[in-house]
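In the working numbering, the protein residues as written are 19 to 347.
Even for Gly, the Cβ is constructed at its ideal location relative to N, Cα and C.
Since we're looking at a predicted model, the values are computed, not measured.
Take a look at the structure set out below.
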Amino acid sequence: MFSVLVTGANGFIGRHFVSSLMKLKADINVLVRNYDRIIPEWGEKVKIFTGDINDNKLLENACRGVEIVLHLASYVHQKPRTEEEIKYIYEVNVKGTKNILSSLSTSVQHIIFISTVSVYGREIGESIDEKVQAEPSTPYGHTKLEAEEVIRGWGKKKQVMTTSLRLPLVYGPGNKGNIYKMIRAIDKGYFVMIGTGENKRSMVNARNVVDAALEIVNNKDADGKIYLVTDGVDYSVIELYKTIAKELGRRISPFYIPMSVAKKIAWFGDIAGGILRKPVPFNSEVLEKLTGTLTFSFDKIRKEIGFQPKYNLYNTIPETIRWYKSVGS
19 MFSVLVTGAN
29 GFIGRHFVSS
39 LMKLKADINV
49 LVRNYDRIIP
59 EWGEKVKIFT
69 GDINDNKLLE
79 NACRGVEIVL
89 HLASYVHQKP
99 RTEEEIKYIY
109 EVNVKGTKNI
119 LSSLSTSVQH
129 IIFISTVSVY
139 GREIGESIDE
149 KVQAEPSTPY
159 GHTKLEAEEV
169 IRGWGKKKQV
179 MTTSLRLPLV
189 YGPGNKGNIY
199 KMIRAIDKGY
209 FVMIGTGENK
219 RSMVNARNVV
229 DAALEIVNNK
239 DADGKIYLVT
249 DGVDYSVIEL
259 YKTIAKELGR
269 RISPFYIPMS
279 VAKKIAWFGD
289 IAGGILRKPV
299 PFNSEVLEKL
309 TGTLTFSFDK
319 IRKEIGFQPK
329 YNLYNTIPET
339 IRWYKSVGS
């Protein structure tokens, strides 16, 4: 048995972590912002600390005696619209991380930080690995990269193991993100593919993230390292479309938007955005994101740690569809 603190525990990935840790009978502390989002199944098996990540007294109590820290808490907003929003992202993602570190006791052995591929600042690219220079293009990416560096530096100074896991799009039951939206669009019959759909994306099932983190908890080879964690397989849009449609019992629509047409629409969007002095829903940047390939290498964590993901979209999509239907569309 070991004692662990999970920050951001009532978020999508955090809930998966707590569920797995409960099965391992770990001594679990969780830090959450809102008590009304507490998971009923936690019961008395989890010590809950509710409040702000910048509340030093709260953090001291939450961190007391913990050996492992799974730091997930962050503010995610790719394009903040105000200076206040940018400041808040920094307050949570960087200052909050520093506050956690300063609150830890001498019992801590390993800090695992859940980071993001947003640190690369890329919308397109193939087999990007950990050696590629991080060049974040958003406040979110900048703050996550800074938090990585803060944690790694603190670990070296205090001689505490630290590891950062960079994640692409995370999916699974309970997440109303991009995959949920795609499922809903296909189910309702309004999903329209742009181009041939051969462009690929790396993604990761939430349970693969949990398994990867638990694999490295006691692994000294992971100290000071950064690892990209994916499903180990990349998915094309057309593959996703066919897989989801089959599970839903829906037909594949023969209609699609040719790239030549999409580029013209995006061009008009660029002009409109320039006139309005603000981004419009569809422009060249959005088109690139929707139709470009963005994949990440899984080799480092596989070779160094021996981690092999168990879950992928193909063997979990039935479960995700059942969840989608259960929550209502």
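On a Cα-Cα basis, can you pick out the residue from Pro-154, Val-126, Leu-119 that is closest to Val-168?
Leu-119
Return the chain-ordered ranges of every alpha helix (DSSP H) run that is complete within the segment 178-238 and spans a minimum of 4 residues.
196-206, 224-234
Considering Cα atoms alone, identify which of Thr-261, His-128, Ile-244, Ile-57 is closest to Asn-28.
Cα-wise, what sits closest to Asn-28 is Ile-57.
If we count the other Cβ atoms within 10 Å of its Cβ and call it buried at 16 or more, is Lys-190 buried or exposed?
In the sequence on display, residue 190 carries Gly and not Lys. That one is buried.
Quick check on Phe-286: buried or exposed, where buried means 16 or more other Cβ atoms within 10 Å of its Cβ?
With fewer than 16 other Cβ atoms inside 10 Å of its own Cβ, Phe-286 counts as exposed.
Considering Cα atoms alone, identify which of Val-36, Arg-295, Val-251 is closest to Tyr-332.
Val-251
Are the segment 287-297 and the segment 213-224 in contact at 8 Å, needing three or more beta carbon pairs?
no
Can you tell me whether DSSP reads Asn-72 as helix, strand or coil?
coil
In three-state terms, what does DSSP make of Leu-49?
strand
Spell out the partners DSSP gives Lys-328 in its beta bridges.
According to DSSP, Lys-328 bridges with nothing at all.
Just to confirm, are Asp-205 and Leu-266 a CB contact at a threshold of 7 Å?
yes
Taking buried to mean at least 16 other C-beta atoms within 10 Å of its own C-beta, is Phe-273 buried or exposed?
exposed
Between the segment 299-310 and the segment 146-165, do at least 3 Cβ pairs fall closer than 8 Å?
no
Helix, strand or coil for Ala-108 per DSSP?
The sequence shown places Tyr at residue 108, rather than the Ala named in the question. Looking at Tyr-108 - three-state DSSP - the assignment turns out to be helix.
Is it true that the CB of Asn-196 sits closer than 7 Å to the CB of Asp-249?
No, Cβ-Cβ distance for Asp-249 and Asn-196 is not below 7 Å.
Just grab the DSSP bridge partners of Ile-130 for me.
Leu-88, Thr-181
I'd like to confirm something about Leu-77: is its beta-carbon nearer than 6 Å to some heavy atom of the ligand GTP, or not?
This structure lacks the ligand GTP; in fact it carries no ligand of any kind.
Going by alpha carbons, who is nearest to Glu-85 out of His-128, Ser-145, Thr-115, Val-255?
His-128
Taking the alpha-carbon of Lys-75 as reference, which of Ala-44, Met-40, Asn-52, Gly-114 has the nearest alpha-carbon?
Gly-114
In or out: Tyr-198 buried (at least 16 other Cβ within 10 Å) or exposed?
buried
Can you tell me whether DSSP reads Ile-146 as helix, strand or coil?
strand
Run through the DSSP bridge pairs and tell me what Thr-25 is partnered with.
Leu-49, His-89
Go to Ile-293, then tell me how far its beta strand (DSSP E) extends in each direction, as first and last residue.
In the DSSP annotation of this structure, Ile-293 is not part of any beta strand (DSSP E); the continuous alpha helix (DSSP H) holding it starts and ends at 277-294.
Check whether chain D comes within 7 Å of Asn-72, counting only Cβ atoms and requiring the distance to be less than that.
In summary, chain D is missing from the structure at hand, where a single protein chain is found.
Start and end of the beta strand (DSSP E) containing Ser-254?
252-254
For Asn-237, which residues from the same chain have a beta carbon less than 7 Å from its beta carbon, with the 5 sequence-adjacent residues on both sides left out?
Ile-323, listed in sequence order.
Tell me, to the nearest whole angstrom, how far the beta carbon of Val-188 is from that of Ala-240; I am working on the premise that it is less than 8 Å.
Contact between Val-188 and Ala-240 fails: their C-beta atoms lie close to 20 Å from each other, not under 8 Å.
Roughly how many whole angstroms lie between the Cα atoms of Glu-148 and Leu-246?
7 Å
Those residues which DSSP pairs with Lys-243 across a bridge:
Thr-181
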